[in-house]
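Structure first, then comments.
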Ligand SMILES: NC(=O)c1ccc[n+]([C@@H]2O[C@H](COP(=O)([O-])OP(=O)(O)OC[C@H]3O[C@@H](n4cnc5c(N)ncnc54)[C@H](O)[C@@H]3O)[C@@H](O)[C@H]2O)c1
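Residue numbers (my numbering): 614 to 854.
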């Protein structure tokens, strides 16, 4: 149940992948809602200086570096109430093209990274007040695509982690959910006309905007809710044919 304190006291959210795409849109959405954002990315920050954003340059596969950066960013800042892991990579792979290095890179960032962010975040969310986590899966966890062999498997792992961590963190009053976007209009997906080629196959005949994905993240993480362990597909009906 939401307490008066939760409604009024300033709160912090940890957002990874905050320099680009849906991570950036999510960070800006929380700032617009009056939150302090700990913005983590492996690259130097791209956003304009903002007193409500504390940037941390860290690789989510390195738990110790991530933890130290987040600890510093939260010093004398509002308490951490939400965690959003949007950092992720999506290189193509197939049975003929994969190698051990690519396997490790995709699973390290997409799966181990999700675990590290969850563990670092959970340390800072007080069990008395609780909070929420949102991970980024993908529609590819359910409806696989050609040449996304390892990416799809990594995102299926994120769906499973979401359920397991929802049980584990329920006792700390933390809800854990994921979003599974389909086609989203980002620089990466626009490159080479990929979106235009995909649109005829999407029942709603358009890609999602980064802002509408950020709104779903906000709904799952910005206020206490009774939903936990779920993965919400935001994919314009791409499952149906
Ligand atoms: N773009 C899509 O259409 C789409 C669809 C479904 C799911 N997704 C998933 O949504 C998430 C966000 O996608 P996007 O298109 O907004 O991504 P993006 O490529 O625009 O941004 C990802 C950000 O994560 C950062 N990052 C990458 N590896 C990192 C690491 N090890 N540590 C810290 N930061 C790291 C990058 O520097 C970048 O700023 C990803 O997990 C992706 O798999 C994307």
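Even for Gly, the Cβ is constructed at its ideal location relative to N, Cα and C.
Terminal residues of the beta strand (DSSP E) in which residue i lies
| i | result |
| --- | --- |
| residue 746 | 744 to 749 |
| residue 675 | Careful: residue 675 lies outside any beta strand (DSSP E) and carries neither H nor E. |
| residue 792 | 787 to 794 |
| residue 666 | 666 to 670 |
| residue 698 | 693 to 698 |
| residue 649 | 649 to 654 |
Pair within 9 Å by beta-carbon distance, residue i and residue j
| i | j | result |
| --- | --- | --- |
| residue 855 | residue 626 | Only positions 614 to 854 of the chain appear in the structure, and residue 855 is not among them; the question remains open. |
| residue 821 | residue 848 | yes |
| residue 844 | residue 750 | yes |
| residue 670 | residue 659 | no |
Spatial neighbours of residue i in its chain, beta-carbon cut-off 8 Å, leaving aside the 5 residues before and after
| i | result |
| --- | --- |
| residue 674 | 721, 722, 725, 726 and 729 |
| residue 817 | 849 and 850 |
| residue 774 | 724, 727, 728, 731 and 748 |
| residue 785 | 735, 738, 740 and 743 |
Own chain residues within Cβ distance below 6 Å of residue i, not counting five before or after
| i | result |
| --- | --- |
| residue 824 | 638 |
| residue 640 | 628, 631, 650 and 652 |
| residue 615 | Per-residue confidence for residue 615 stands at a pLDDT of 46, beneath the threshold of 50, marking its modelled position as unreliable; no derived number is given. |
| residue 831 | 642 |
Residue i CB to nearest heavy atom of ligand 1 below 8 Å
| i | result |
| --- | --- |
| residue 751 | yes |
| residue 755 | no |
| residue 823 | yes |
| residue 632 | yes |
Start and end residues, alpha helix (DSSP H) containing residue i
| i | result |
| --- | --- |
| residue 777 | 762 to 783 |
| residue 802 | 800 to 803 |
| residue 719 | 713 to 720 |
Own chain, CB closer than 7 Å to residue i, minus 5 neighbours either side, in chain order
| i | result |
| --- | --- |
| residue 787 | 735, 738, 743, 744, 745 and 746 |
| residue 699 | 628, 629, 630, 635, 636, 639 and 749 |
Given 8 Å, three or more beta-carbon pairs between the stretch 692 to 707 and the stretch 762 to 773: By the Cβ rule, the stretch 692 to 707 counts as touching the stretch 762 to 773, because three or more pairs are nearer than 8 Å.
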